[in-house]
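A.B. asks: Once you've had a glance at the structure underneath, I'll fire off some questions.
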Amino acid sequence: QTARRSTDGACRGARRGVRSGMGCCCRCFSRGSRDAPAFELGQLDYPLVRLDRNAAEVKVDSSGAGDAISGLGVAYTSTAIEQDAAYWEVHVESAGRFRVGVCRNLDEEAMRAELGDENSSWALRSEEAGAVEGDVIGVAFGQAELPNLSFFLNGQLLDHGSVNRIRGEVFPAVSVAQNAKLRCVFDETNFEHAPPRTHSAIRVTQNII
């Protein structure tokens with residue numbers, strides 16, 4: 002009886018700790034069943050892809066709605082783009098100077114600067130985007146497509162700012178300055194616009210158990 006209460010409590014705790022999708026670590030099964038618990042994927046209450054590498058003067062607030070970023074410097078994900086064609090969005094919550102794109106692993110000095118040196122990072126500048134508060138910048142990275150990196154403003158492809166060839170491992174990245182506040186969205190359920198053909202939300206390929 003003690004063991005049965007412990008199992009029931011663990012299942013209730015698992016249901017409270019996660020949402021549906023990457024969810025409950027086990028499906029509760031009827032008492033007396035000799036079947037082993039079935040494991041299934043679910044969804045955490047925060048995005049799997051996050052801006053979890055950031056400069057000291059950058060503030061990142063992660064939630065189910067995305068990663069809000071402000072301050073001064075660079076933030077990028079620890080999840081590399083491994084699929085053929087990936088898409089994510091950057092929502093402009095407060096206008097200022099910012100850059101949006103991809104980068105390689107950066108050292109501390111590069112993290113304090115801005116993206117777009119075209120050696121370790123490639124980015125669209127805020128002045129090129131012409132984005133204002135409430136606008137959405139879509140970022141499309143296709144390893145087998147030219148250009149490799151392209152940008153959208155409120156669902157419309159921009160005819161500037163794209164980068165033809167980027168080789169090697171890269172990560173989604175942004176840099177902020179001058180009171181800019183952005184929200185990076187990697188969860189497709191929160192996208193404002195549909196990804197371009199063949200592109201999809203960034204997938205995490207490692208097993209999560």
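So the sequence shown is numbered by the working numbering: it starts at 2 and just counts up by one. By construction, the Cβ of each residue, glycine as well, lies at the ideal position given by its N, Cα and C atoms.
1. Which runs of the beta strand (DSSP E) fall wholly inside the stretch 78–160 and span at least 3 residues, in chain order?
2. Rounded to the nearest angstrom, what separates R166 and V140 at their Cα positions?
3. With distances taken between CB atoms, is the gap from V59 to G67 smaller than 8 Å?
4. Drop a sphere of 10 angstroms on the beta-carbon of T199, count the other beta-carbons inside from all chains shown, and report buried for 16 or more, exposed for fewer.
5. So what does V205 bridge to, in DSSP terms?
6. Is the Cβ-Cβ distance between W89 and V103 less than 8 Å?
7. Comparing C-alpha positions only, which one of V171, L125, R168, P173 sits nearest to F153?
8. Check for me: the beta strand (DSSP E) holding R184 runs from which residue to which?
C.D. replies: Reading off the structure:
1. 86–95, 98–104, 122–126, 137–143, 150–154
2. If you number the sequence shown from 1, residue 166 lands on position 165. If you number the sequence shown from 1, residue 140 lands on position 139. Between R166 and V140, the C-alpha separation is close to 15 Å.
3. Position 58 of the sequence shown, counted from the first residue, corresponds to residue 59. Position 66 of the sequence shown, counted from the first residue, corresponds to residue 67. Result no, Cβ atoms of V59 and G67 do not sit closer than 8 Å.
4. Here residue 199 corresponds to residue number 198 of the sequence shown, with the count starting at 1. So T199 ends up on the exposed side.
5. Along the sequence shown, one-based indexing puts residue 205 at 204. None, per the DSSP bridge assignment.
6. Taking the sequence shown and counting its residues from 1, one reaches residue 89 at position 88. Taking the sequence shown and counting its residues from 1, one reaches residue 103 at position 102. Going by C-beta atoms, W89 is not nearer than 8 Å to V103.
7. Within the sequence shown, residue 153 is the residue found at index 152, counting from 1. That would be L125, whose Cα lies nearest to the Cα of F153.
8. Walking along the sequence shown from the start, residue 184 turns up at place 183. That run of the beta strand (DSSP E) goes 182–186.
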